[in-house]
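Asker: Below are the structure tokens for one structure; questions will follow.
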Amino acid sequence: MKKYLYIFLFTILIFNTLRYLTYTLGGAFSVYNIIMLVLNIAALVYAGWAFKSTLKEGRSGSRS
5 MKKYLYIFLF TILIFNTLRY LTYTLGGAFS VYNIIMLVLN IAALVYAGWA
55 FKSTLKEGRS GSRS
């Protein structure tokens, strides 16, 4: 993916994670909010890993 697409994805995931975190910490403790919070955190971790692996591939490919 392009660099700007990753930035857009991170922005959306961060806003969603913060939204569900404030719902949960604000007292709206429901299974749906907890599941969505966990899924958003997992998506942030995966997107960060994918972005790092893309950067590593780009660096190793440019040296050849």
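Going letter by letter, the sequence shown gives residues 5 to 68 in our numbering. No residue lacks a Cβ here, since even glycine has one placed at the ideal position from N, Cα and C.
Using only the alpha-carbon positions, how far apart do residue 68 and residue 59 sit?
Answerer: In this prediction, residue 68 scores a pLDDT of 45, lower than 50, which makes its location untrustworthy; the coordinate-derived value is nonetheless stated afterwards. Taking the straight line joining both Cα atoms gives about 15 Å.
Asker: Would you report the Cα separation of residue 63 and residue 30, rounded to the nearest angstrom?
Answerer: Distance between the alpha carbons of residue 63 and residue 30 is about 44 Å.
Asker: For my contact list, residue 54 and residue 17 are in at a C-beta cut-off of 8 Å; report their separation, rounded to the angstrom.
Answerer: Rounded, the Cβ-Cβ distance is 12 Å, inconsistent with contact.
Asker: Whether or not the segment 6-21 and the segment 38-51 are in contact is what I'm after, with contact meaning three or more pairs of Cβ atoms, one per stretch, closer than 8 Å; do they touch?
Answerer: Cβ pair count under 8 Å is three or more, so yes.
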